[in-house]
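K.L.:
So for the sequence shown, UniProt numbering puts the first residue at 1; every next one is plus one.
Below you will find the structure I want to go over with you.
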Amino acid sequence: MINENKIREACASNRDKGFKLLMDNFQEPIYYYIRRIVVSHEDAEDILQEVFIRVFRYLDHFRNESSLSTWIYKIATNECLRFLNARKEGVISAEEIQEELIGKLKASDYVDYENELAVKFQEAILSLPEKQRLVFNLRYYDELEYEEIARILGSKVETLKVNYHYAKDKIKEYIINR
Numbered sequence: 001m002i003n004e005n006k007i008r009e010a011c012a013s014n015r016d017k018g019f020k021l022l023m024d025n026f027q028e029p030i031y032y033y034i035r036r037i038v039v040s041h042e043d044a045e046d047i048l049q050e051v052f053i054r055v056f057r058y059l060d061h062f063r064n065e066s067s068l069s070t071w072i073y074k075i076a077t078n079e080c081l082r083f084l085n086a087r088k089e090g091v092i093s094a095e096e097i098q099e100e101l102i103g104k105l106k107a108s109d110y111v112d113y114e115n116e117l118a119v120k121f122q123e124a125i126l127s128l129p130e131k132q133r134l135v136f137n138l139r140y141y142d143e144l145e146y147e148e149i150a151r152i153l154g155s156k157v158e159t160l161k162v163n164y165h166y167a168k169d170k171i172k173e174y175i176i177n178r
């Protein structure tokens, strides 16, 4: 991955070329982050597009108070939550959303169903409460430090560590008992 300072410099000197460089570097990891939250490839692509529309629109307002990646993950997180919350407004409970996501996982063409443990692991993650799922994905898959996750989610590091610990325990329990 290219140095974020080079991306910011490129955006400052030529917004279109800089944005292309930004997309080249962040599109894939942000897509997979979104995909782990919403499961569906189609939904993930729609949200990804919305994320980068927002990034392009507000790039001039980025104040360097955090890293560029933190800012983009925060936008992606907010877009995912907006998407999931829109589902809840349709009088769908959190449990029904989890069941729907697990159903999408089972129907996905992008899942290796031969690897039962991997499928069970993904189901376990989707069964977590929303906050724990976000923390787990950012820490486990994206390998972000707790401090960066705290900036993305607007939470305290200690709270995130507790959420991650509970998430790991729930995942283990799910895998062992189902």
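Every residue, glycine too, gets a C-beta built ideally from N, C-alpha and C.
As the structure is a prediction and not an experimental result, all values here were calculated from the model.
#1: According to the neighbour-count rule (16 or more other Cβ atoms, all chains shown, within 10 Å of its Cβ), is L68 buried or exposed?
#2: Please state whether DSSP places S40 in a helix, a strand or coil.
#3: Would you give the residue range spanned by the alpha helix (DSSP H) that H165 belongs to?
#4: What do you reckon, are the CB atoms on L126 and I102 nearer than 7 Å?
#5: Helix, strand or coil: how does DSSP classify S127 here?
#6: Between Y164 and R133, which are expected to be in contact by the criterion C-beta below 8 Å, what is the C-beta distance as a whole number of angstroms?
#7: Would you grab the beta carbon distance between A86 and L128 for me? Rounded to a whole angstrom, and I think it's under 8 Å.
#8: Cα separation between Q98 and S13?
#9: Thinking C-beta only, is A124 closer than 7 Å to I171?
#10: So what's G154 in DSSP terms, helix, strand or just coil?
#11: Among the candidates N3, V157 and E116, whose CA atom is the shortest distance from the CA of L22?
P.N.:
In brief:
#1: Sequence index remark: in the sequence shown, residue 68 carries index 68 (1-based). By the neighbour-count rule (16 or more Cβ atoms within 10 Å), L68 is buried.
#2: Counting from one through the sequence shown, the residue named residue 40 turns up at place 40. Three-state result, S40: coil.
#3: As a position in the sequence shown, residue 165 is number 165, starting the count at 1. First-last of the alpha helix (DSSP H) with H165: V157 to N177.
#4: Locating residue 126 in the sequence shown gives position 126, counting from the first residue. Locating residue 102 in the sequence shown gives position 102, counting from the first residue. It is a contact, given that the beta carbons lie within the stated cut-off.
#5: On the sequence shown, residue 127 is found 127 positions in, with the first residue counted as 1. DSSP places S127 in coil when its eight states are reduced to three.
#6: Taking the sequence shown and counting its residues from 1, one reaches residue 164 at position 164. Taking the sequence shown and counting its residues from 1, one reaches residue 133 at position 133. The Cβ separation is near 11 Å, so there is no contact.
#7: Mapped onto the sequence shown, residue 86 falls at position 86. Mapped onto the sequence shown, residue 128 falls at position 128. About 20 Å; that fails the 8 Å criterion.
#8: Looking up residue 98 in the sequence shown gives position 98. Looking up residue 13 in the sequence shown gives position 13. The straight-line gap from Cα to Cα measures roughly 44 Å.
#9: If you number the sequence shown from 1, residue 171 lands on position 171. If you number the sequence shown from 1, residue 124 lands on position 124. In this structure, A124 lies closer than 7 Å to I171 by Cβ.
#10: Residue 154 sits at position 154 when you count from the first residue of the sequence shown. It is coil, neither helix nor strand.
#11: Here residue 22 corresponds to residue number 22 of the sequence shown, with the count starting at 1. Considering only alpha carbons, the answer is N3.
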